[in-house]
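> Chains as they are written, first to last, in the numbering used here: chain P, 50 to 214; chain A, 851 to 952.
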Amino acid sequence: MRSALLWGLAALALLGGIGAIGFGRRPGRAVASLALCLLALAGLYAWLDAPFLALAQLLLYAALALAAWLVALERGVAAPTPEGDRQPLLKLGAAALLGLLAVKALALRAAVRPPLPEPPAGFGSARRLGALLYGDYALALAVLGVLLAAALVSAVLLARRRTDP
Amino acid sequence: VTPEHLGGVQVLAALLFLIGAAGLLLRRNALLVLLSVELMLNAAALALVGFARTRADEHGQVLALLVAAIGVAEGGVGLALVIGLVRSRGGVDVQDLGSLKW
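1. Can you list, in chain order, the residues of its chain with a C-beta nearer than 8 Å to that of Ser82/P? Leave out the 5 residues immediately preceding and following it.
2. Does Asp185/P come out as helix, strand or coil in the three-state DSSP assignment?
3. Counting only Cβ pairs nearer than 9 Å, list the residues of chain A close to Tyr110/P.
4. Please compile the residues from chain P whose C-beta is within a distance smaller than 8 Å of the C-beta of Leu955/A.
5. Say whether chain A places a C-beta atom closer than 7 Å to the C-beta of Ala53/P.
6. Taking DSSP as the reference, what is the three-state secondary structure of Asp946/A?
7. So which residues of chain A does Tyr183/P contact, with C-beta pairs closer than 9 Å?
8. In chain A, which residues lie with their C-beta within 8 Å of the C-beta of Leu178/P?
9. Is any beta-carbon of chain A found at less than 7 Å from that of Ser203/P?
10. Residues of chain A with a CB under 8 Å from the CB of Pro169/P: which are they?
11. For Asn879/A, list the residues DSSP reports as bridge partners.
12. In terms of residue numbering, what span does the alpha helix (DSSP H) encompassing Gly68/P cover?
13. Determine the chain P residues that contact Leu885/A at a beta-carbon separation under 8 Å, and present them in chain order.
14. Give the straight-line distance between the Cα atoms of Leu190/P and Leu178/P, rounded to the nearest whole angstrom.
15. Using 8 Å for Cβ pairs, my map puts Gly940/A next to Gly125/P. What's the rounded Cβ distance?
16. Answer yes or no: does any C-beta atom of chain A fall closer than 7 Å to that of Val126/P?
17. By the 10 Å Cβ neighbour count, where 16 or more other Cβ atoms means buried, how is Asp185/P classified, buried or exposed?
18. Using 7 Å as the limit for Cβ to Cβ distance, is Leu896/A near chain P?
19. Counting only Cβ pairs nearer than 7 Å, list the residues of chain A close to Pro73/P.
20. Consult DSSP for Thr852/A and reduce its assignment to one of helix, strand or coil.
21. With distances taken Cα to Cα, identify the nearest neighbour of Val205/P among Leu950/A, Leu947/A, Asp946/A, Gly925/A.
22. Can you name, in chain order, every residue of its own chain whose Cβ lies under 6 Å from the Cβ of Ala62/P, other than the five neighbours on each side?
23. Taking the straight line between their C-alpha atoms, what separation do you get for Ser50/P and Glu854/A?
24. Establish whether the CB of Leu931/A and some CB of chain P are separated by less than 7 Å.
25. How many angstroms separate the CA atom of Leu113/P from the CA atom of Leu885/A?
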C-alpha cells in the first residue's frame, strides 16, 4: 500500500512536470500542471516523514500557483509564442545536460544503501524543525526574512501600473 | 521505507530537474521559463528531503524549507517581471529581450 502510494505520487509529479513545460501554447494549463506536480511533491514529503514540510509546501505554493494562473490569463501571456527555433547550441547543451543528469540519477540511486537508520520519534515535526530553525539556522532564517520583504516590495514596484504625473 | 524507495525518490528528483532544465533551455515564453525554474528548485528540495529521510537527519528538511521560501520569493518577483514585460512590450517572448546584451 505504502509502495503504491509512493509510485502513484511519483507518477503524478512526473506528469505534472511534463505538462508544465509541455503546454507551450496554453500557459494556463501549464500552471495547472505545475500545481499538480507541487501537490504530488507535498504528498511525497508527507510520505518521507516530513509532515511540516508538506504543509509548508502546500501553503507556500498555493498562493504562487494562483498568482501564476492569473498572470497566465493575461492576453499577452496567453498569445502563442513561436517555439522550436531557439539556437541549435542551446538544444545541444540541453541534450548534453539530459545525458549528464541521467548518469547522475543512477549515481544518486546507488548512493542510497542499506542499512537505513531509524528516524527518532517526532521526526520532521514542527517542534523539531522549529528548534533547528531558531538554533543552527537562525541567521539563515533572518536573512530569508529580509529576502522575502525585499521580494514583496520589488514585486509590488515592478507590477504596479505607472501613471504619468 | 526501503532503500529502493529512497533510491526511486532520488531518481524522480533527477528526472524532475531534467524536465525543468529542458524547459528552461527550450521554451521561449517567459512564464514557462519561470515555471521551469520552479520545477528545478522543487526537484532539488525533493532530493534534500529524500536524503534527510535516508540519513534520519532533519537538516535536509530545513534546507528544503529554505529552498521553498526562496523559490516562492523568486516566483513572485518573476511574475511581476512577466506582468511588466506584457505591459511594456505586449508579449513574453524571451528572444525579444536583447536590450541588456553588449
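Using N, Cα and C, we set each Cβ at its ideal position, and we do this for glycine too.
Please read these numbers as outputs of a predicted model, since none were measured by experiment.
A quick look at the data gives this:
1. Taking the first sequence and counting its residues from 1, the one referred to as residue 82/P is at position 33. Answer for Ser82/P: Leu64, Gly65, Gly66, Ile67, Gly68, Ala69, Gly71, Phe72, listed in chain order.
2. Numbered from its first residue, the first sequence carries residue 185/P at position 136. Looking at Asp185/P - three-state DSSP - the assignment turns out to be coil, as it is neither helix nor strand.
3. Position 61 of the first sequence, counted from the start, is the residue given in the question as residue 110/P. Going along chain A in sequence order, the residues near Tyr110/P (Cβ under 9 Å) are Glu888, Asn892, Ala918, Gly921, Val922, Gly925.
4. Since the first and last residues shown for chain A are 851 and 952, residue 955/A lies out of range.
5. The residue you call residue 53/P lines up with position 4 of the first sequence. Cβ-Cβ to chain A under 7 Å: no for Ala53/P.
6. As a first step, residue 946/A must be located in the second sequence, where it is residue number 96. Helix, per DSSP.
7. As a working note, residue 183/P is residue 134 in the first sequence. None at all; the shortest Cβ gap to chain A is about 11 Å.
8. In the first sequence, residue 178/P corresponds to position 129, counting from 1. Under the 8 Å cutoff, chain A gives Glu908, Gln911, Val912, Leu915.
9. Within the first sequence, the letter at position 154 stands for residue 203/P. Answer yes: the Cβ-Cβ gap between Ser203/P and chain A drops below 7 Å somewhere.
10. Mapped onto the first sequence, residue 169/P falls at position 120. The answer, in chain order, is Ala906.
11. Locating residue 879/A in the second sequence gives position 29, counting from the first residue. Answer by DSSP bridge pairing, in chain order: Asp943/A.
12. As a position in the first sequence, residue 68/P is number 19, starting the count at 1. Segment 51 to 71, the alpha helix (DSSP H) holding Gly68/P.
13. As a position in the second sequence, residue 885/A is number 35, starting the count at 1. Within chain P, the residues near Leu885/A are Ala69, Ile70, Ala79, Val80, Leu83, Ala117.
14. The sequence position of residue 190/P within the first sequence is 141, counting from 1. The sequence position of residue 178/P within the first sequence is 129, counting from 1. Approximately 12 Å between the Cα atoms of the pair.
15. Translated into positions along the second sequence, residue 940/A becomes position 90. Translated into positions along the first sequence, residue 125/P becomes position 76. Their Cβ separation, rounded to whole angstroms, is 5 Å, which keeps Gly940/A and Gly125/P in contact under 8 Å.
16. For the purposes of this step, residue 126/P is identified with residue 77 of the first sequence, where counting begins at 1. Val126/P counts as touching chain A.
17. Counting from one through the first sequence, the residue named residue 185/P turns up at place 136. Exposed, because fewer than 16 other Cβ atoms sit within 10 Å of the Cβ of Asp185/P.
18. Taking the first residue of the second sequence as 1, we reach residue 896/A at position 46. Yes, contact with chain P.
19. One-based indexing of the first sequence puts residue 73/P at position 24. The sequence given here has Gly at residue 73/P, not Pro. In chain order: Arg877, Asn879, Leu882.
20. Taking the second sequence and counting its residues from 1, one reaches residue 852/A at position 2. DSSP places Thr852/A in coil when its eight states are reduced to three.
21. Walking along the first sequence from the start, residue 205/P turns up at place 156. Among Leu950/A, Leu947/A, Asp946/A, Gly925/A, the Cα nearest to that of Val205/P is on Gly925/A.
22. Taking the first residue of the first sequence as position 1, residue 62/P is located at position 13. Only Cys86, Ala89, Leu90 meet the Cβ criterion.
23. Mapped onto the first sequence, residue 50/P falls at position 1. Mapped onto the second sequence, residue 854/A falls at position 4. Reading off the sequence, residue 50/P comes out as Met, not Ser. Going by the C-alpha atoms only, they are around 15 Å apart.
24. Here the question's residue 931/A lines up with position 81 in the second sequence. By this cut-off, Leu931/A is an interface position.
25. Within the first sequence, numbered from 1, the residue matching residue 113/P stands at position 64. Within the second sequence, numbered from 1, the residue matching residue 885/A stands at position 35. Taking the straight line joining both Cα atoms gives about 11 Å.
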